[in-house]
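Novice: Just so you know, the sequences run in chain order A and B.
For the working numbering, add 1 to where a residue sits in the first sequence, where the first one is 1.
For the working numbering, add 1 to where a residue sits in the second sequence, where the first one is 1.
For each residue, glycine too, the CB sits at the ideal point set by N, CA and C.
Protein chains: 2
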Amino acid sequence: MDDRDARRPTMADVAERVGVSRALVSLVFRGKEGASQQTRERVFEAARELGYRPDTAAQLLRSRRSRHLGALYVPTEPFHADVIDALYPVAEKSGYDVVLGALTQTRDVTKATEELLGFRCEAVLLIGVETTHAQLTSLASQAPLVVVGPHQHGPRFDTVRSDDVRGARQAVDHLVGLGHRRIVHIDGGHGPAAADRRRGYRNAMRKHGLAEHVHMIPGDYTEECGALAAQELFRMDPLPTAVFAANDRCAVGLLHALRRMGVTVPGDISIVGFDGSRAAQLPHIDLTTVRQDIPGTAEAAIDTALERLDEERTEAKQVVLRTQLIVRSTTAPPAS
Amino acid sequence: MDDRDARRPTMADVAERVGVSRALVSLVFRGKEGASQQTRERVFEAARELGYRPDTAAQLLRSRRSRHLGALYVPTEPFHADVIDALYPVAEKSGYDVVLGALTQTRDVTKATEELLGFRCEAVLLIGVETTHAQLTSLASQAPLVVVGPHQHGPRFDTVRSDDVRGARQAVDHLVGLGHRRIVHIDGGHGPAAADRRRGYRNAMRKHGLAEHVHMIPGDYTEECGALAAQELFRMDPLPTAVFAANDRCAVGLLHALRRMGVTVPGDISIVGFDGSRAAQLPHIDLTTVRQDIPGTAEAAIDTALERLDEERTEAKQVVLRTQLIVRSTTAPPAS
DNA sequence: CCTCCAGTCTAGAACGTGCTAGTAGTACGA
DNA sequence: TCGTACTACTAGCACGTTCTAGACTGGAGG
């Protein structure tokens with residue numbers, strides 16, 4: 002009934018029940034050689050009967066390696082959630098476990114890292130969070146650090162990111178290819194990689210001889226910013242025919258705000274997003290977007306961490322992943 | 002440089018540096034009485050210099066109590082993320098830590114629970130996941146279990162949920178109050194609490210003498226379902242004037258699909274959602290919805306768990322929270 | 001007969017912390 | 001002088017596991 006104060010069963014309990022030593026039970030649970038088939042079965046049987054479960058704390062304490070990787074992320078950020086989701090199978094393949102560290106209003110990077118390292122994580126993956134270089138370097142001094150998303154260099158930590166400059170160029174190229182000239186960019190502000198997307202946009206516009214049409218509306222990575230940008234757009238004269246948004250959330254906010262105002266997309270205005278999020282795929286949104294390679298990101302992030310852990314790499318490394326333009330139904334040639 | 006194989010510093014290292022015993026360092030770090038102010042400072046100083054950090058694994062192992070609560074949730078579910086976010090400050094107030102267990106395609110409830118219990122979580126909060134009664138009972142036999150969201154009873158576990166029946170009634174009452182009669186419900190299928198919302202809708206319709214107008218479109222809790230429901234709506238004759246959606250995601254999907262089809266909301270059709278999610282608040286969505294009390298949910302969930310842990314409660318308990326109708330701009334009187 | 005070996009199994013020391021029971025040292029009052 | 005009370009500190013076991021070093025079988029080979 003109240004099994005709460007009844008101590009949880011330990012290896013010793015299982016061992017006693019089977020009539021063998023603790024060490025043997027340990028062997029069996031770790032799947033090592035050295036126990037007869039019959040004993041194995043009896044151990045598992047006894048463990049099941051007692052409700053025994055290995056104690057991670059004790060395992061961590063005793064073992065030199067924890068085989069745990071910490072992942073810091075913002076739970077309410079959909080894109081982070083997708084990366085987290087992708088992390089698990091990759092980590093598992095290499096025999097590692099992922100421990101999540103949530104960043105919330107009451108838990109900043111330092112505090113969350115503290116917790117992860119307390120749990121003996123061997124490396125930390127920082128997902129899509131823009132921080133100061135000093136803070137990254139400080140984190141990196143405590144454990145191997147992989148910064149996922151932002152465009153940050155440093156001699157002490159690794160980075161995995163998309164080629165955002167190229168991604169932005171793909172977006173602009175696509176729009177120009179359709180015949181657009183007045184292409185506006187909604188800016189990601191200080192968001193991770195926003196500077197690169199900005200640069201990519203500007204460069205691509207110049208390349209197409211559209212320098213005079215470069216126009217950026219300040220914003221961030223939220224739906225609100227897209228909705229606000231809609232207002233801003235309508236103050237422009239002449240009206241732009243296409244928008245390249247900082248990310249999908251922003252694009253979706255813009256899309257809905259425009260439709261609500263009676264503007265047709267892509268009829269009146271074309272929209273391109275960035276991320277390739279789930280939202281972009283939804284049938285009623287069906288957003289043309291620059292997809293980031295999430296499985297690739299997860300894989301690269303974990304590989305990068307493991308190279309430091311298992312292969313003695315010490316020099317900093319940067320992985321840059323290619324983006325892919327996904328043309329859906331929010332882009333079309335401009336109304337002539 | 003390669004501080005990887007250099008063992009991480011322990012209490013003993015700090016103690017040695019200061020020239021005191023391990024026990025004293027332990028005292029200082031736990032903020033207990035019995036060390037002079039001067040010694041305290043020297044200990045912290047030495048710890049900082051060495052980069053010492055208490056080892057959670059060892060603490061857990063040694064202490065009878067871990068003061069950790071496990072929270073199982075689906076990272077890609079926005080509503081879960083909001084609950085998780087709200088959990089932290091509440092737990093902290095009572096001196097507990099939250100450990101996250103992600104449910105993904107490769108990690109089911111059993112596996113994730115296994116992990117949490119391995120980390121010595123004293124109780125498990127299962128956020129918004131519909132499972133079998135048998136599985137819940139089995140989980141509850143391993144640790145105090147609080148099921149957050151679904152309407153599930155059991156003698157062995159606690160439940161914290163919204164009064165979904167009443168919430169649905171609020172939605173219908175509001176629509177009827179505006180003059181609507183042909184009110185359709187998009188169904189949440191097997192989603193958590195969907196049955197209650199269904200029932201609340203049906204009851205309320207009957208109460209208003211609108212039994213003949215009861216109509217449910219099968220769906221789930223996703224944007225896709227809302228978008229699909231839009232098609233379905235248009236096959237109805239006469240067209241309904243209002244829709245009560247299973248949740249906000251579904252409502253948002255519907256809203257966008259309708260607007261894309263050129264239907265005006267609330268001009269042609271009114272929409273009410275359920276959840277009170279962040280999305281519903283966005284300026285371009287501005288969805289009328291039945292808000293669930295997320296801070297209240299978080300607080301109740303943790304209180305409920307702590308009653309079992311700290312106050313010896315053993316009989317099952319159910320907390321039902323009141324919902325609140327938030328009228329925004331997606332509802333209006335029907336076109337006459 | 002002894003030796004060797006593979007297959008099973010065990011004793012006991014870690015791992016880093018918390019906690020109980022205790023020890024010095026000092027100050028105080030009688 | 002002693003006992004008492006208090007502050008500041010320490011010794012050493014316990015937590016549940018992993019791991020090293022070795023012990024004990026029975027059978028094969030000399």
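(1) Between tyrosine 29 of chain A and lysine 33 of chain B, what straight-line distance do the alpha-carbon atoms span, to the nearest angstrom?
(2) What did DSSP end up calling glutamate 269 of chain B once you bin it into helix, strand or coil?
(3) Using 7 Å as the limit for Cβ to Cβ distance, is glycine 189 of chain B near chain A?
(4) Check arginine 54 of chain A in the structure and name its three-state DSSP category.
(5) Could you say which of A:Arg18, A:Ser67, A:Arg108 lies nearest to threonine 57 of chain A if we only look at CA atoms?
(6) State yes or no: is the beta carbon of proline 284 of chain B nearer than 7 Å to at least one beta carbon in chain A?
(7) In whole angstroms, what is the alpha-carbon distance linking glycine 192 of chain B and glycine 155 of chain A?
(8) Can you check which of these residues, A:His81, A:Met206, A:Arg250, A:Asp109, is closest to glycine 178 of chain A by C-alpha distance?
(9) Mind listing the chain B neighbours of glycine 119 of chain A? Cutoff is C-beta to C-beta under 9 Å, in chain order.
(10) Whole angstroms are fine: how far does the CA of glycine 254 of chain A sit from the CA of tyrosine 74 of chain B?
(11) DSSP has phenylalanine 275 of chain A in a bridge; who is on the other side?
(12) By Cβ distance below 8 Å, which residues in the same chain neighbour threonine 107 of chain B in space, the five residues on each side in sequence not counted?
(13) What's the C-alpha gap between arginine 43 of chain A and arginine 121 of chain B?
(14) Tell me, to the nearest whole angstrom, how far the beta carbon of leucine 70 of chain B is from that of alanine 306 of chain B; I am working on the premise that it is less than 8 Å.
(15) Candidates B:Leu240, B:Pro76, B:Glu131, B:Gln143: which alpha carbon is nearest aspartate 221 of chain B's?
(16) Does any C-beta atom of chain B lie closer than 7 Å to the C-beta of histidine 257 of chain A?
(17) Between which two residues does the beta strand (DSSP E) holding isoleucine 286 of chain A run?
(18) Going by DSSP, what residues sit across from glycine 102 of chain A in a beta bridge?
(19) Looking only at its chain, what residues have a beta carbon closer than 8 Å to the beta carbon of tyrosine 89 of chain A, apart from the 5 residues adjacent to it on each side?
(20) What are the boundary residues of the beta strand (DSSP E) that includes methionine 217 of chain B?
(21) What is the DSSP secondary structure of phenylalanine 245 of chain A, reduced to helix, strand or coil?
(22) Give the residues of chain B in contact with aspartate 159 of chain A, contact being defined as C-beta atoms less than 9 Å apart.
(23) In its own chain, which residues sit with a C-beta less than 6 Å from the C-beta of proline 296 of chain B, not counting the 5 before and 5 after it?
(24) Which residues in chain B sit within 9 Å of threonine 77 of chain A, going by Cβ to Cβ distance?
(25) Taking 8 Å as the cut-off, does the region 162 to 172 of chain A touch the region 225 to 242 of chain A (at least 3 CB pairs, one atom from each stretch)?
(26) Does any CB atom of chain A fall closer than 7 Å to the CB of tyrosine 97 of chain B?
(27) With a threshold of 8 Å on Cβ separation, who are the neighbours of threonine 223 of chain A within its own chain once the five nearest residues in sequence on each side are excluded?
(28) Counting only the same chain and skipping the five closest in sequence on each side, list residues whose C-beta sits under 7 Å from that of alanine 195 of chain A.
(29) From the DSSP output, read off the bridge partner residues of glutamine 325 of chain B.
(30) One question on the structure: do serine 278 of chain A and alanine 243 of chain A come within less than 7 Å of each other, judged by their Cβ atoms?
(31) Short check: CB of glycine 102 of chain B to CB of glycine 129 of chain B, under 7 Å?
(32) So the alpha helix (DSSP H) aspartate 165 of chain B belongs to, where does it begin and stop?
(33) For proline 239 of chain B, which residues in the same chain have their Cβ closer than 8 Å to its Cβ, ignoring the five residues on either side in sequence?
(34) Assuming contact is defined by CB atoms lying nearer than 7 Å, are phenylalanine 80 of chain A and aspartate 287 of chain A in contact in what I supplied?
(35) Assuming arginine 157 of chain A contacts threonine 133 of chain A under a Cβ cut-off of 8 Å, what Cβ separation, rounded to an integer in Å, is found between them?
(36) The alpha helix (DSSP H) with alanine 87 of chain A in it runs from where to where?
Specialist: According to the structure shown:
(1) The sequence given here has valine at residue 29 of chain A, not tyrosine. If you take the alpha carbons of valine 29 of chain A and lysine 33 of chain B, they lie about 41 Å apart.
(2) For the record, residue 269 of chain B in the displayed sequence is aspartate; it is not glutamate. In this structure, aspartate 269 of chain B counts as coil in the three-state DSSP scheme.
(3) no
(4) coil
(5) A:Ser67
(6) yes
(7) 46 Å
(8) A:Met206
(9) Arg54, Pro55, Asp56, Thr57, Ala58, Gln60
(10) 26 Å
(11) A:Val291
(12) none
(13) 26 Å
(14) 6 Å
(15) B:Glu131
(16) yes
(17) Run containing isoleucine 286 of chain A: none; DSSP gives neither H nor E here.
(18) A:Leu73
(19) Val99
(20) 216 to 218
(21) strand
(22) Those within 9 Å of aspartate 159 of chain A in chain B number zero; the least Cβ separation is about 14 Å.
(23) Ala87
(24) Pro79, Ala82, Asp83, Ile85, Asp86, Arg279
(25) no
(26) no
(27) Arg250, Cys251, Gly254
(28) Asp188, Gly189, Ala247
(29) B:Arg292
(30) no
(31) no
(32) 165 to 179
(33) Arg183
(34) no
(35) Actually they do not touch by this definition, with Cβ atoms about 14 Å apart.
(36) 79 to 94
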